[in-house]
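So the mapping is simple: my numbering equals the position in the sequence shown, first residue as 1, plus 9.
Yeah, the Cβ is synthetic: ideal placement off N, Cα and C, and Gly gets one too.
Values in this document were obtained by computation on a predicted structure and should not be read as measured data.
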Amino acid sequence: MTPERYAKIRRVLSLRQPTLSVLMDEVNKPHNLSAILRTCDAVGVMGAHAVPPKNGGVPTFGATSGSADKWVEVTTHTDALSAVQTLQAQGFQVLATHLSEASVDYRVPDYTRPTCVLLGAEKWGVSSEAAQAADANIVVPMMGMVQSLNVSVAAAVILFEAQRQRLEAGMYATPQLTGEALERLTFEWAYPELAGLYRERGEAYPALGEEGEVLSLA
Ligand code: SAM
Numbered sequence: 010m011t012p013e014r015y016a017k018i019r020r021v022l023s024l025r026q027p028t029l030s031v032l033m034d035e036v037n038k039p040h041n042l043s044a045i046l047r048t049c050d051a052v053g054v055m056g057a058h059a060v061p062p063k064n065g066g067v068p069t070f071g072a073t074s075g076s077a078d079k080w081v082e083v084t085t086h087t088d089a090l091s092a093v094q095t096l097q098a099q100g101f102q103v104l105a106t107h108l109s110e111a112s113v114d115y116r117v118p119d120y121t122r123p124t125c126v127l128l129g130a131e132k133w134g135v136s137s138e139a140a141q142a143a144d145a146n147i148v149v150p151m152m153g154m155v156q157s158l159n160v161s162v163a164a165a166v167i168l169f170e171a172q173r174q175r176l177e178a179g180m181y182a183t184p185q186l187t188g189e190a191l192e193r194l195t196f197e198w199a200y201p202e203l204a205g206l207y208r209e210r211g212e213a214y215p216a217l218g219e220e221g222e223v224l225s226l227a
């Protein structure tokens with residue numbers, strides 16, 4: 010662990026936005042999953058959600074997301090409707106990306122609120138039950154001949170609008186993670202194998218020095 014690497018981990022974690030997330034509903038192409046997770050990492054999403062595709066033969070999320078899945082944890086759910094309800098119970102507004110005339114422009118919602126963007130499968134989009142259960146349906150206006158964007162492109166457009174609003178609101182200026190989470194994740198990102206050993210033993214992580222050095226090993 011170099012001091013520079015440690016400083017980068019601290020800086021990135023201090024920009025993380027635990028109240029911004031995505032829910033991928035049966036997004037099945039590995040390159041799309043990977044691209045969405047990279048965008049999540051870029052805007053500071055702490056954890057993403059996914060309903061794995063049910064049509065089989067699809068690589069796991071961990072195997073397909075390149076290195077972004079190291080920095081954005083993916084929680085899986087069995088179906089989109091229960092995932093939407095779980096996120097709403099946690100205080101998130103769920104914004105379903107839905108290509109319908111009733112949907113509002115993606116720039117209208119307030120993304121400084123705890124927000125999860127629901128993204129649909131490449132072939133059939135977001136299921137109608139999940140779209141109905143969502144707090145709002147949003148769309149990136151399309152003015153060309155083609156009906157829809159690639160799902161990872163839509164995710165990027167929307168997440169960077171969320172980043173824009175949150176920057177304006179000063180939400181990247183002070184850490185959004187609690188002090189406890191910031192310290193815990195710093196150790197886990199800096200020393201993933203050691204962190205695993207401490208967890209196995211049920212012991213607290215050791216303290217780190219100013220440059221990221223482990224101060225005492227149990
Ligand atoms: N035929 C599908 C439909 O009608 O929803 C098209 C699915 S589209 C290729 C895959 C996903 O990309 C959508 O479910 C949505 O999450 C996202 N998406 C694509 N274009 C979008 C747009 N213009 N606005 C918002 N989301 C979009």
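> Can you give the beta carbon distance from Q26 to V54, rounded, assuming they're within the 8 Å contact cut?
Replying inline: Confirmed, Cβ separation roughly 6 Å.
>> Are there any heavy atoms of the ligand SAM lying less than 8 Å away from the beta-carbon of T84, as far as the coordinates show?
In response: no
> Going by DSSP, which residues form a beta bridge with I147?
Replying inline: T106 and V113
> Which of helix, strand or coil does DSSP assign to S23?
Replying inline: Here DSSP, grouped into helix, strand and coil, assigns S23 to helix.
> According to DSSP, which residues form a beta bridge with G56?
Replying inline: E82
> Any idea if M180 is buried or exposed, counting beta-carbon neighbours within 10 angstroms, 16 or more meaning buried?
Replying inline: buried
>> Report the CB separation of L128 from A164 in whole angstroms; it is logged as a contact under 8 Å.
In response: 6 Å
> For L158, does the three-state DSSP call read helix, strand or coil?
Replying inline: coil
> N37 and E131 look like a contact to me (Cβ under 8 Å); what is the Cβ gap, rounded to whole Å?
Replying inline: About 7 Å separates the CB atoms of N37 and E131; that is less than 8 Å, so the two are in contact.
> Can the beta-carbon of V103 be found less than 9 Å from the beta-carbon of T124?
Replying inline: With a cutoff of 9 Å on beta-carbon distance, V103 and T124 are scored as near each other.
> How many angstroms separate the CA atom of A72 from the CA atom of E192?
Replying inline: Any reading at A72 needs caution, since the residue's pLDDT is 48, under 50, leaving its predicted position unreliable; the model's value is listed next. Cα-Cα distance, rounded: 28 Å.
> By DSSP, does G205 sit in helix, in strand, or in coil?
Replying inline: helix
> Which class does A213 belong to by DSSP, given the choice of helix, strand or coil?
Replying inline: coil
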